[in-house]
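Note that the numbering used here has the sequence shown beginning at 5, numbered continuously upward. Cβ atoms here follow ideal geometry from the backbone N, Cα and C, with glycine treated the same way. Model, not experiment: these values are computed from the prediction. What follows is a short report on a single structure.
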Amino acid sequence: MHSFKQKYLVNFWDTLKAMIALAIIASIYFGFFGTGWQVTGEMTRWGGEFLELFGLDTSQYSYYNMTNLSGNPLTRYEGLVLIGMFLGALIAAFLANKVKFRLPASGIRITQAIIGGLLSGFGARLAFGCNLLDFFTGLPYFSLHTWEFAIFMVLGIFVATKVGKLKIFMPKTTLEKCGVKGKGITHDKNRANRHFKYGLVLFIITLMWLIYLFSTTEPFALKVKSSFLPLGLIFGLIFGFVISRAQVCFTSCFRDLFLFGRDNAAKGAYYGMIIATFIVFILMLNDYSAFVRNISLAVAIGAFLFGFGIVFAGGCECGWTYRAAEGQVHFMIVGVANFAGTAILALVYDKIPAWIKEGPKIQLINELGALPALALNVGFLFLSLALIFAYKRHFFAKRRA
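Laid out in C-alpha cells, this is it:
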C-alpha cells in the first residue's frame, strides 16, 4: 500500500507517458461528447456571466451569442469539466503534499503573469481554441486550421523564449545556505499526513457530488446534453489529476525544447496525437463529425499571441490550473488574467474586420477521402516528430561546438 501511494499519489509521473494517456482519454471524451477537450470556451462563458453581474447585456455581442451563455457552470457539462479539472488538480496536490501558499518572486513576474495571461486568453478565443482544442485534441480531427494554429503557436513560443532571455525578465537569484548544521531540511511528516487526509476528504466529497449528479440526471443519451453532467465531472477530475501528477504544461513542450533541448513532453504529445488520430478516424468512419474552423488570419494571430502569452506567463491552461491548485499565487494571477483576456476578445470581436476572421473551412477527410486524409495527417505528425528530433540534435551539437 505504501509503495502504491508513493508511486502513484506522491511521486511525479512520467510526462511522456501521461501525454499519451491524456490523448487517449481525450479521444474517449470525443466519443462521448462529440467534441475535443476544451477549456477556454467555458472560460469565456464564465467571463460573460461575471460581466452580466455588473449589468452588461451580453446578447449585444456576437461572440457571446456564438459561445452560448445558456445555463450556468453547474448545468453545462463543459462547466463541470472545468470545475472537475480544478478539483482533480487540487486533490492530487493535497495527496502529494504539494500545496503551499507561495507569492510571486518579483514585481516583474506579476507583470508577466498579467500580460501573458491576457495575451493567451485573448489569442485563444480569437483562434477559437487553445493548445487543447486547436492543438493537442485538434490535430487528430482532420481540420486543416489546427495545423495553422500549431505552426503559429510554436512560432509564438519560440519568439517568447527569446524575449524571456532579455535582462529585464531574467530572475535575480541569490545563493543561500540550506539546512541546519549540515542536516538538511527536515521533512514534516505530520504536514504530509494532514494534507493526504485533506485530499481524501475532498475526493470523498467530490464522489458524493458525483453520486448526486447520477441520481438527479436522466440516463446518458448522446443527444441529451443534460445527461452529460456526471461524465463531464468525471473527465474533468481525470484530466486535472493527470496534469497535476505528471506536471503537464503544454508551454513546456516547445519552450523546454528551445531553451534546454529537452524533448520528453513534446515527444509524448505527438506520440499521443498519432494514436488519437487513428481512434478519431475510426469514430469518424462511424458517423462522428468534429469541429472545422476557418483558415484565417485570425487563427494565425490568435495562435501566435497564445503561444507567446503562455511562455511569457509561465504556463498554459493546464499549467496554471495545477500550479494555482498548489498555492502558487503567480499562476492564480495568470488564471484571472486569462479569463479577462477571453472577455476582452468577446467585447471587441465585432470591431475586428471580417477579412481577418473569414477564410475557407477545409476538412481533410471531406476534401481528400478517408485514407488519403489519414495518411496526410499522420504524415504531418511524423514530420513534426522528425523536426523535434532534428532540433534536439542541432541544439546539443551547437553547444558542443
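Item, Value
"Rounded to the nearest angstrom, what separates Lys187 and Ala390 at their Cα positions?", "Because Lys187 sits at a pLDDT of 45, beneath the cut-off of 50, its placement in the model cannot be relied upon, and the point is left open."
"Using a Cβ-Cβ cut-off of 6 Å (strictly less than) and excluding sequence neighbours within five positions of Leu179, which residues of its own chain qualify?", "Because Leu179 carries a pLDDT of 45, less than 50, the predicted location of this residue cannot be relied on, and no value is offered for it."
"Considering only residues of the same chain and omitting the five flanking positions on each side of Leu20, which have a CB-CB separation below 8 Å?", "Asn268, Ala269, Lys271, Gly272 and Tyr275"
"Could you pull out every unbroken alpha helix (DSSP H) segment of at least 4 residues lying fully inside the segment 217–290, listed in chain order?", "233–249, 254–264 and 268–288"
"How many angstroms separate the CA atom of Ile305 from the CA atom of Gly45?", "18 Å"
"Can you list, in chain order, the residues of its chain whose CB lies under 7 Å from that of Ala131, leaving out five sequence neighbours each side?", "Asp138, Phe153, Ala302, Val303, Gly306, Ala307 and Phe310"
"Would a C-beta distance cut-off of 7 Å place Pro234 and Phe218 closer than the cut-off?", "yes"
"My guess is that Ala350 and Ser248 are in contact by the Cβ rule of under 8 Å, so how many angstroms apart are they, rounded?", "Contact doesn't hold; Cβ gap of about 29 Å is too wide."
"Mind checking who Asn101 pairs with in its DSSP beta bridge?", "BP columns for Asn101 are empty, so no partner."
"Would Pro144 and Val284 be called neighbours here (beta carbons separated by less than 7 Å)?", "yes"
"Pull up the DSSP beta-bridge partners for Gln367, would you.", "Ser147"
"Can you tell me whether Gln42 is helix, strand or coil according to DSSP?", "coil"
"Starting from Arg106, follow its DSSP beta bridges and name the residues at the other end.", "Gln332"
"Please report the distance separating the alpha-carbon of Ala196 from that of Val205.", "14 Å"
"Does the Cβ-Cβ distance between Cys253 and Cys320 come in under 7 Å?", "yes"
"Just to confirm my understanding: we take Lys185, look at its own chain, exclude 5 residues before and 5 after, and list those with CB closer than 7 Å. What are they?", "A caution first: Lys185 carries a pLDDT of 47, below 50, which makes its placement in the model too unreliable to give a value."
"Give me the Cα-Cα distance between Leu237 and Val163, rounded to the nearest whole angstrom.", "36 Å"
"Would you call the segment 324–332 and the segment 91–109 in contact, with 3 or more CB pairs under 8 Å?", "yes"
"Please list the terminal residues of the continuous alpha helix (DSSP H) segment that includes Leu73.", "Run containing Leu73: none; DSSP gives neither H nor E here."
"Comparing alpha-carbon positions, which option in Trp359, Ile242 and Ile161 lies nearest Phe312?", "Ile161"
"With distances taken Cα to Cα, identify the nearest neighbour of Gly339 among Trp213, Tyr353 and Ile119.", "Ile119"
"Assuming contact is defined by CB atoms lying nearer than 7 Å, are Gly125 and Asn381 in contact in what I supplied?", "no"
"Using the Cβ count rule (16 or more neighbours within 10 Å means buried), how would you classify Tyr68?", "buried"
"Rounded to the nearest angstrom, how far is the Cβ of Leu14 from that of Phe239, given a contact under 8 Å?", "For the sequence presented, residue 14 should be read as Val rather than Leu. Contact flag wrong, Cβ pair sits at about 24 Å."
"According to DSSP, what are the bridge partners of Asn298?", "Lys365"
"On a CA-only basis, which of Met277, Tyr81, Phe200 and Asp291 is nearest Phe384? Give me that one, please.", "Met277"
"I believe Thr325 touches Met89 by the beta-carbon criterion, under 8 Å. Please report the beta-carbon distance rounded to the nearest angstrom.", "6 Å"
"State yes or no: is the C-beta of Trp41 within less than 7 Å of the C-beta of Leu136?", "yes"
"Does DSSP classify Ala196 as helix, strand or coil?", "helix"
"Indicate the three-state DSSP secondary structure (helix, strand or coil) for Tyr65 in the structure shown.", "coil"
"How far does the alpha helix (DSSP H) with Pro376 in it extend, from its first residue to its last?", "Ala374 to Arg404"
"Report the three-state DSSP secondary structure of Arg49 (helix, strand or coil).", "helix"
"If Thr221 and Ser231 are in contact, beta carbons under 8 Å, what's the gap, nearest whole angstrom?", "6 Å"
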